[in-house]
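Using the numbering used here, the letters of the sequence shown map in sequence onto residues 131 to 589. Notes to accompany the following structure.
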Amino acid sequence: MSERFDAIVIGAGQAGPSLAVRLAHGGCKTALIERKAVGGTCVNNGCIPTKTLIASARAAHVARRGGDYGVTIEAPIRVDMAQVKRRKDAVVGASIDNLTRWLGDTAGLTLIHGHARFESPRTVRVGERMLAAEQFFINVGGRASVPAMPGLADVPYFTNATIMHVDFLPEHLLIVGGSYIGLEFAQMYRRFGSRVSVIEMGPGLIGREDEDVAVAIQAILEAEGIAFRLNAECVAVARRDNGVALRLNCAEEPREIAGSHLLLAVGREPNTGDLGLEKAGVATDTRGYIVVDDQLRTNVPGIWALGDANGRGAFTHTSYNDYEIVAANLLDGASRRVTDRIPTYALFVDPPLGRAGMTLREVRASGRKALEATMPMTRVGRARERGETLGFMRVLVDAETQRILGAALLGIEGDEVVHTLLDAMYADVPYTLIQRAVHIHPTVAEFIPTLLGSFHPLP
Ligand SMILES: Cc1cc2nc3c(=O)[nH]c(=O)nc-3n(C[C@H](O)[C@H](O)[C@H](O)COP(=O)(O)OP(=O)(O)OC[C@H]3O[C@@H](n4cnc5c(N)ncnc54)[C@H](O)[C@@H]3O)c2cc1C
C-alpha cells in the first residue's frame, strides 16, 4: 500500500523546503524527502560554510596587515583551525536547526528521511515506504565531479564536501581546478597559512569570465603567494610518503607537482543518476541534467525540476528563484519564466567579483553597438581609505537603447555594489537615470554614477 500525498518534494535544497511549506500552507498534504541534511549543498558544504571560513581567513589576513593601518600585533598571527571549524560548524548548525524547526512547525508537511527513487510517474520509493502523489517537485541538486584519473582511487583527496571536516592546517594544498570553487578555497587556505598550488588545464583561470578579469584575479592571488600552473592537465595521481603527487600533461616543466593534500574542484554534476527517472519517463540531457521548459516543467505532466539539477542555474539564488517561479505559476495564477531572470553571481575571493548580465566577450559576440566604461579601484576613495585598492569596475551598455548589458565589479564590496546595476537592468531603465542619481559619500557605490558618465564606444 502506498501512502498518498497531494505533492511530494524530493530534496531539501534551496527550492524544496520553501516550496514544500508554501504547498502545505496552500492546503496540500505535502511530503519533503531528504536523504542527508536539510539545507542541501548551500547550507552544509557550499555557500554558508565557505563564506564562514572565508570570514576567518580574512580576519587572519587583516591581522597580518595590521601594521599597514598602524595597528601593532606583537605575536605572529596563527590560525587555530579547530576553532575555525567549530565556528563554521556553529553557523551551519544554526541554519540547519532553524530550517528543521520551520519545516517541523508547518502543518500539513511531513519531512521524510531517506533516498527517493521513482517507481512510476506517480510513485516514489523511500526504503520500505511507497509514496504516491499527483505532483512531484525534484530538487536534488548536484555534487562535486570526480574525474576518472589513474591513481585517484589509491590516494586520499578532498571535495568541497569532505574538506568541511578539516580541522588542521594542510602543509601544501594542491587544488585541481582554477574556477569559482577552487579559487575561493585557494585564497582561504593560503590565508590560513598553507602553501597552495592551483592546477588548471585551461590557458587561464575561470574560463567563463573576461580575460582581463581572470588575469587581475590571478595577479591578486599570486601576490598573496598562491602558485598557479595553467595549461596543465592532471593525468595521474600517486601517493607519496607525506602526501600526493600529480603528473601533469603540459608544455612546461616540471611535469610533476607534489603536495601534502589534494582538493578536487573540477566541476559539478547533477544527482539524477540514482533517482529512477527512467521509470518516471523524465528526460535528461547528455550530462544528466533534467530537461525543463521555461516554467520548469519536465516532459512528464505533474513533474517539475528545480535548482542545479535542471541545469538552468548553479546558484542558491537561481534555485530559490525556481521555487518562486513554480509557486507563483501554480498557486498564484502567474506566468513567470526562467528567462525573465538576469544572470548574476559573485566570486567570493577578496576582493570579490560581482557580476551581472553579459561579459565583454558576450557583448562583442552579440554584434551590437555597445559602450564600455571602466575604472580602477585606485580611483575609489572608499577603497583608498580602507587600503584595499585592488581590482577594477566595468560596465557595458547598449549604445542605442542605453540599457545596461553587463557589469563586472572586481573590488571591495563589488558583490554588493553590483546590485545597483542589476536593479537598473530589472527596471529596464536607461543608464542615464542612474548616472544622475546621488549616492552616499564615501562609498564604493558612490562611483557608479561617475563610472556611467565615462563611456566610450566598444572597439
Ligand atoms: C563550495 C561551494 C560554494 C558555493 N558557494 C555559493 C555561493 O556563494 N553562492 C551561491 O549562490 N551558490 C553557491 N554555491 C552553489 C550552491 O550551493 C548551489 O547552487 C545550491 O545549493 C543548489 O541548490 P539546489 O536547490 O539545486 O540543491 P542542493 O542544495 O544541492 O540540495 C539538494 C538536496 O537534495 C538531496 N537529494 C539528492 N538526491 C536525493 C534523493 N534521491 N532523495 C532524497 N534527497 C536527495 C541532497 O541530499 C541535498 O540535500 C556553492 C557551491 C559549492 C559546492
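Ideal Cβ positions, reconstructed from N, Cα and C, are used throughout, including at glycine. Computed from a predicted model, the values in this text were never measured in an experiment.
A straight line joining the alpha-carbon of residue 504 with that of residue 582 spans about 9 Å. Looking at 292, 304 and 337, the one whose alpha-carbon comes closest to that of residue 310 is 337. By a beta-carbon distance limit of 8 Å, residue 392 contacts residue 304. Their separation comes to about 5 Å. Residue 438 carries a helical assignment under DSSP once its states are collapsed to helix, strand and coil.
Relative to ligand 1, residue 253 has its C-beta separated by 6 Å or more from all heavy atoms.
Taken from the Cβ of residue 401, at least one heavy atom of ligand 1 lies inside 6 Å. Straight-line measurement puts the Cα of residue 155 at about 13 Å from the Cα of residue 240.
Three or more beta-carbon pairs separated by less than 8 Å link the segment 521 to 531 to the segment 487 to 498, which places the two stretches in contact. Note on residue 440: 16 or more other CB atoms within 10 angstroms of its CB, so buried under the neighbour-count rule. Here the C-alpha atom of residue 139 lies approximately 21 Å from the C-alpha atom of residue 176. The residue among 352, 259 and 332 with its C-alpha nearest the C-alpha of residue 135 is 259. Here residue 158 carries a coil assignment [DSSP, helix/strand/coil]. DSSP places residue 532 in no alpha helix (DSSP H); its state is neither H nor E.
Note that the segment 204 to 224 does not touch the segment 241 to 254; fewer than 3 beta-carbon pairs, one per stretch, sit closer than 8 Å. Scanning its chain for C-beta atoms nearer than 6 Å, with the 5 sequence neighbours on each side dropped, one finds around residue 488 the residues 535 and 536, in chain order.
Counting only runs that start and end inside the segment 365 to 424, the alpha helix (DSSP H) elements of at least 4 residues fall at 407 to 410.
Taking the Cα positions, residue 376 is about 36 Å away from residue 141.
Per DSSP, residue 265 is one residue of the beta strand (DSSP E) stretching across 265 to 268. With fewer than 16 other Cβ atoms from the protein chains shown falling within 10 Å of its own Cβ, residue 131 counts as exposed. Ranked by Cα distance from residue 532, the first of 387, 564, 272 and 182 is 564. Going by C-alpha positions, residue 281 is about 15 Å away from residue 387. Between residue 486 and residue 540, the gap from beta carbon to beta carbon reaches 7 Å or more.
Take residue 429, set aside five residues on each side of it, and the residues of its chain with a beta-carbon closer than 7 Å to its own are 412, 413 and 421, in chain order.
Here the alpha carbons of residue 159 and residue 223 stand approximately 28 Å from one another. Straight through space, the alpha carbons of residue 469 and residue 157 are spaced by roughly 29 Å. The Cβ atoms of residue 306 and residue 394 lie closer than 7 Å to each other.
Judged by DSSP in its simplified three-state form, residue 262 adopts strand. The three-state reading of DSSP puts residue 236 in coil, since its state is none of H, G, I, E or B.
By the neighbour-count criterion, in which 16 or more other beta carbons inside 10 Å mark a residue as buried, residue 352 falls on the exposed side. Taking the Cβ of residue 405 as the reference point, at least one heavy atom of ligand 1 falls within a distance shorter than 6 Å. Residue 327 is bridged by DSSP to 304 and 357.
In the structure shown, the three-state DSSP call for residue 275 is coil.
Nearest neighbour of residue 236 by Cα position, chosen from 588, 293, 545 and 147, turns out to be 147. Under the DSSP assignment, residue 505 falls outside any alpha helix (DSSP H), being part of the beta strand (DSSP E) whose first and last residues are 500 to 506.
With contact defined as three or more Cβ pairs closer than 8 Å, the segment 263 to 277 and the segment 398 to 413 are in contact.
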